[in-house]
Structure formats: structure tokens, C-alpha cells
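Going left to right, the sequence shown walks through residues 364 to 487 as our numbering numbers them. Built from N, CA and C at the ideal position, the CB exists for glycine as well.
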Amino acid sequence: MKINVRYIKKSISSAIISGLLAYFLFKTNDLLSKIVISLFLVFGISFCITNVLLVFRKNKLAEKVSKVYVIAFFIYWYGFLIYWDYISILNKDFMALLISLIMWFAGAYFIYKRFFKKKEENRR
Numbered sequence: 364m365k366i367n368v369r370y371i372k373k374s375i376s377s378a379i380i381s382g383l384l385a386y387f388l389f390k391t392n393d394l395l396s397k398i399v400i401s402l403f404l405v406f407g408i409s410f411c412i413t414n415v416l417l418v419f420r421k422n423k424l425a426e427k428v429s430k431v432y433v434i435a436f437f438i439y440w441y442g443f444l445i446y447w448d449y450i451s452i453l454n455k456d457f458m459a460l461l462i463s464l465i466m467w468f469a470g471a472y473f474i475y476k477r478f479f480k481k482k483e484e485n486r487r
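This is the structure in C-alpha cells:
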């Protein structure tokens, strides 16, 4: 029962935050702000849905919905890296490109670990 209360609290708080983010998304006119807010709105909605599913003990479905959160995060990760590389190339800052290369590999490793590694390997 205590676990369900925890999931319910998380669902309510993420629903409130998602509502606020949706309000700000529709009120703002700046495109960059809308892009950033929409990403966090996806985070909040997927977190809320995941917790609601966990309250009803739909663990497999909750795991699939939580992947939406992870996919949105990696879209944000790689979108930022593409922008960073673009600005670095424009400024001819090759050291920043070298640093971003490390982040590309780190992101690829995290994607491999999250989506392609077998369940038995993840538990070790």
C-alpha cells in the first residue's frame, strides 16, 4: 500500500507540472522556448503515465511507456550535440568538436545499454 501511495504522489505532482508546462507552452511565442518546454512536457506526461500504470500494477506496460521518456531524452541529447557541432564548425573550434565526440560515444553507449543489452546482462 505504501508503494501505491508513493506512485500516486508522483503521478499527481507530475500531472501538475505537466499542466503548468502545457500552459507555458501555449502562452509563449518564442520557438526555442517551445522546443525546450515541449521536451519537458513529454518527460512529465510519460512520468505521470508510468506511475499511474505502476499503481495498477501494469509493470510491463509501464516499462514500455518509460521508454518514451528515454527516447525523448536521447532526442534532446543528440539534438543538442548536433547544434553544438554546428556552432563549433562555424566558429572553427575543433577542440569543442573533439569534446562533443566523447559525448556522441557516451550517448551511443547509453542507448546500447538501455535498449540493446539483454536483460541478464543488465542485472549484473
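When DSSP labels each residue in this structure, what does residue 448 get in the three-state scheme?
The three-state secondary structure of residue 448, taken from DSSP, is helix.
Looking at residue 451: is its Cβ nearer than 8 Å to the Cβ of residue 460?
Cβ distance < 8 Å, so residue 451 and residue 460 count as in contact.
For the alpha helix (DSSP H) that contains residue 475, what are its first and last residues?
Neither: residue 475 is in no alpha helix (DSSP H) and is coded neither H nor E.
Anyone know if the C-beta pair for residue 406 and residue 435 falls short of 8 Å?
In this structure, residue 435 lies closer than 8 Å to residue 406 by Cβ.
With respect to the alpha helix (DSSP H) encompassing residue 372, which residues constitute its N-terminal and C-terminal limits?
Its alpha helix (DSSP H) spans residues 365-390.
Answer yes or no: do residue 385 and residue 404 have a C-beta to C-beta separation smaller than 8 Å?
Yes, these two residues count as a Cβ contact at 8 Å.
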